[in-house]
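Numbering (our numbering), first residue to last: 88 to 232.
Ideal Cβ positions, reconstructed from N, Cα and C, are used throughout, including at glycine.
Being a predicted model, the structure only gives us computed values, none of them experimental.
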C-alpha cells in the first residue's frame with residue numbers, strides 16, 4: 088500500500104509549490120493526459136545509466152506517473168539543466184533500486200512503496216555532470232545549495 092492520497096493532496100497544494108520555488112529539488116515537468124496542462128512536480132530523482140529512476144510514493148495511479156506514461160515523455164530540471172526523458176516504464180521497487188549503487192537503500196517498508204518509474208534520456212550525451220556522478224555514490228541527483 089502506497090502513501091495515503093490525502094497526504095498527496097497536502098503535498099500538491101502546500102509542499103510542492105514551496106519546494107519548486109526554493110529550487111532545492113529536481114522538478115519533473117509533465118503534460119496532463121486529459122487536460123493538456125503542463126505540471127511541475129518536485130521529486131527525488133536517481134541517476135542511472137542513460138536515464139533516471141523515480142520512486143512512486145503514492146502508487147502508480149497517481150497523476151504524475153500516469154501522465155508521464157501516457158505522454159511517453161517528460162522533462163527533468165536539475166540545477167538549471169533540463170533533461171528530455173523518454174521510454175517511461177514501471178518496475179518493482181527492488182528491481183529499480185537494484186540499478187543504483189549498492190549503498191542506496193530502498194524506501195522503508197512501512198512507507199509501502201511498491202513501484203518505481205524508470206525513464207531514459209532522449210539524448211544520452213545530455214547526462215548529468217561528472218561532478219554529480221562522482222560526488223554522490225548513491226546516484227541520487229544533487230539538490231542545489
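{"Check": "Neighbourhood of residue 221 by C-beta distance below 8 Å, restricted to the same chain and skipping five residues each side", "Outcome": "Residue confidence for residue 221 is low, a pLDDT of 42 falling below 50, so the modelled location carries little weight and cannot support an answer."}
{"Check": "Opposing strand residues paired with residue 177 [DSSP bridges]", "Outcome": "204"}
{"Check": "Under 8 Å between C-beta atoms of residue 120 and residue 144", "Outcome": "no"}
{"Check": "Spatial neighbours of residue 152 in its chain, beta-carbon cut-off 6 Å, leaving aside the 5 residues before and after", "Outcome": "143 and 204"}
{"Check": "Supposed contact pair residue 201 and residue 162 - C-beta distance, whole angstroms, cut 8 Å", "Outcome": "Not confirmed; about 26 Å, so no contact."}
{"Check": "Assigned secondary structure, residue 166 (DSSP; H/G/I helix, E/B strand, else coil)", "Outcome": "coil"}
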